[in-house]
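*Asks:* Count along the sequence shown starting at 1, add 1, and that's the number in my numbering.
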Amino acid sequence: IESYFLATVEYALHIFNVKSKDTNAYRLVSILDSQREKGEERIETLMAFSMELKLRRTRCGKFDEDIDNCPFEENPELNNTFICFFTISIDPWRTMFQLLNKTCLEGT
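(1) Where do the ends of the beta strand (DSSP E) carrying residue 31 lie?
(2) Given a threshold of 16 other Cβ atoms within 10 Å of its Cβ, counted over all protein chains shown, does residue 115 qualify as buried or as exposed?
(3) Can you check DSSP and say which residues form a bridge with residue 103?
(4) Should the segment 61-69 be regarded as contacting the segment 83-96, the criterion being three or more beta carbon pairs within less than 8 Å?
(5) Rounded to the nearest angstrom, what separates residue 16 and residue 6 at their Cα positions?
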(Lines of atoms letter the chains of each structure in order from A; the text may use other names.)
(Lines give C-alpha, C1' and ligand atoms only; values in the text may rest on other atoms or scores of the structure.)
Protein backbone atom coordinates (compact mmCIF):
# COMPACT_ATOMS: atom_id res chain seq x y z
CA ILE A 2 0.00 0.00 0.00
CA GLU A 3 2.89 2.37 0.75
CA SER A 4 4.16 2.26 -2.84
CA TYR A 5 0.64 3.01 -4.12
CA PHE A 6 0.39 5.94 -1.74
CA LEU A 7 3.73 7.39 -2.87
CA ALA A 8 2.66 7.07 -6.51
CA THR A 9 -0.59 8.85 -5.60
CA VAL A 10 1.36 11.72 -4.00
CA GLU A 11 3.40 12.04 -7.21
CA TYR A 12 0.19 12.11 -9.23
CA ALA A 13 -1.27 14.84 -6.98
CA LEU A 14 1.85 16.96 -7.46
CA HIS A 15 1.74 16.40 -11.22
CA ILE A 16 -1.93 17.46 -11.38
CA PHE A 17 -1.21 20.56 -9.30
CA ASN A 18 1.59 21.63 -11.64
CA VAL A 19 -0.40 20.93 -14.82
CA LYS A 20 -3.44 22.88 -13.60
CA SER A 21 -1.41 25.73 -12.07
CA LYS A 22 -1.32 29.01 -13.99
CA ASP A 23 2.24 29.55 -12.73
CA THR A 24 4.99 28.80 -15.25
CA ASN A 25 7.24 27.51 -12.46
CA ALA A 26 6.97 24.07 -10.93
CA TYR A 27 5.96 23.35 -7.36
CA ARG A 28 7.33 20.45 -5.39
CA LEU A 29 6.53 18.69 -2.17
CA VAL A 30 7.76 20.22 1.08
CA SER A 31 5.96 17.77 3.37
CA ILE A 32 3.00 15.44 3.77
CA LEU A 33 0.95 17.04 6.54
CA ASP A 34 -1.72 14.35 6.80
CA SER A 35 -2.90 11.28 4.89
CA GLN A 36 -5.35 8.43 5.09
CA ARG A 37 -6.69 5.62 3.00
CA GLU A 38 -10.37 6.14 2.32
CA LYS A 39 -12.68 3.25 3.17
CA GLY A 40 -16.16 2.37 2.03
CA GLU A 41 -16.13 4.46 -1.13
CA GLU A 42 -14.76 1.78 -3.43
CA ARG A 43 -17.27 -0.12 -5.53
CA ILE A 44 -14.70 -2.68 -6.63
CA GLU A 45 -12.23 -4.32 -4.25
CA THR A 46 -9.28 -3.53 -6.52
CA LEU A 47 -9.80 0.24 -6.28
CA MET A 48 -8.27 2.37 -3.53
CA ALA A 49 -8.60 6.02 -2.62
CA PHE A 50 -6.26 8.20 -0.60
CA SER A 51 -6.81 11.61 0.94
CA MET A 52 -3.78 13.72 1.71
CA GLU A 53 -2.84 17.19 2.84
CA LEU A 54 0.36 18.36 1.17
CA LYS A 55 2.55 21.42 1.60
CA LEU A 56 3.84 22.54 -1.81
CA ARG A 57 6.36 25.26 -2.57
CA ARG A 58 7.35 27.09 -5.75
CA THR A 59 10.69 26.15 -7.33
CA ARG A 60 13.03 28.02 -9.64
CA CYS A 61 12.39 25.52 -12.47
CA GLY A 62 9.74 25.55 -15.17
CA LYS A 63 6.86 23.18 -14.56
CA PHE A 64 7.75 21.03 -17.57
CA ASP A 65 11.49 20.81 -16.83
CA GLU A 66 13.07 17.37 -16.56
CA ASP A 67 14.30 17.10 -12.97
CA ILE A 68 11.80 18.98 -10.80
CA ASP A 69 12.51 16.71 -7.81
CA ASN A 70 15.99 18.22 -7.47
CA CYS A 71 15.08 21.79 -8.40
CA PRO A 72 15.88 24.41 -5.72
CA PHE A 73 13.01 26.22 -4.04
CA GLU A 74 12.35 29.84 -4.97
CA GLU A 75 14.19 32.05 -2.46
CA ASN A 76 12.80 35.44 -3.53
CA PRO A 77 10.23 36.30 -0.79
CA GLU A 78 7.96 38.01 -3.33
CA LEU A 79 7.83 34.83 -5.43
CA ASN A 80 8.02 32.33 -2.60
CA ASN A 81 4.54 30.88 -2.99
CA THR A 82 3.57 28.02 -0.71
CA PHE A 83 0.28 26.14 -0.90
CA ILE A 84 -1.43 23.76 1.49
CA CYS A 85 -3.54 21.42 -0.64
CA PHE A 86 -6.00 18.68 0.21
CA PHE A 87 -6.36 15.98 -2.44
CA THR A 88 -8.53 12.90 -2.70
CA ILE A 89 -7.41 10.54 -5.45
CA SER A 90 -8.62 7.09 -6.44
CA ILE A 91 -6.22 4.55 -7.87
CA ASP A 92 -6.66 1.31 -9.77
CA PRO A 93 -3.26 -0.25 -9.03
CA TRP A 94 -3.67 -3.10 -11.51
CA ARG A 95 -3.96 -0.66 -14.41
CA THR A 96 -1.94 2.18 -12.82
CA MET A 97 -4.85 4.56 -13.35
CA PHE A 98 -5.46 7.57 -11.13
CA GLN A 99 -8.48 9.84 -10.85
CA LEU A 100 -8.61 13.17 -9.04
CA LEU A 101 -11.75 13.24 -6.90
CA ASN A 102 -11.09 16.46 -4.98
CA LYS A 103 -8.49 19.24 -4.85
CA THR A 104 -8.67 22.23 -2.52
CA CYS A 105 -5.71 24.57 -2.06
CA LEU A 106 -5.02 27.56 0.15
CA GLU A 107 -2.08 29.86 -0.36
CA GLY A 108 0.17 29.76 2.67
CA THR A 109 3.37 31.38 3.81
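In this text, a Cβ means the ideal position worked out from N, Cα and C, and glycines have one as well.
On a predicted model such as this, the values are computed, not experimentally measured, just so you know.
*Replies:* According to the structure shown:
(1) To locate residue 31, count along the sequence shown from 1; it is residue 30. Residue 31: member of the beta strand (DSSP E) spanning 25-37, first to last residue.
(2) Given that the chain is displayed from residue 2 to residue 109, the structure contains no residue 115 and the question cannot be resolved.
(3) Along the sequence shown, read from residue 1 onward, the residue named residue 103 stands at position 102. In DSSP, residue 103 forms a bridge with 87.
(4) no
(5) For the purposes of this step, residue 16 is identified with residue 15 of the sequence shown, where counting begins at 1. For the purposes of this step, residue 6 is identified with residue 5 of the sequence shown, where counting begins at 1. Using only the alpha carbons, I get a separation of about 15 Å.
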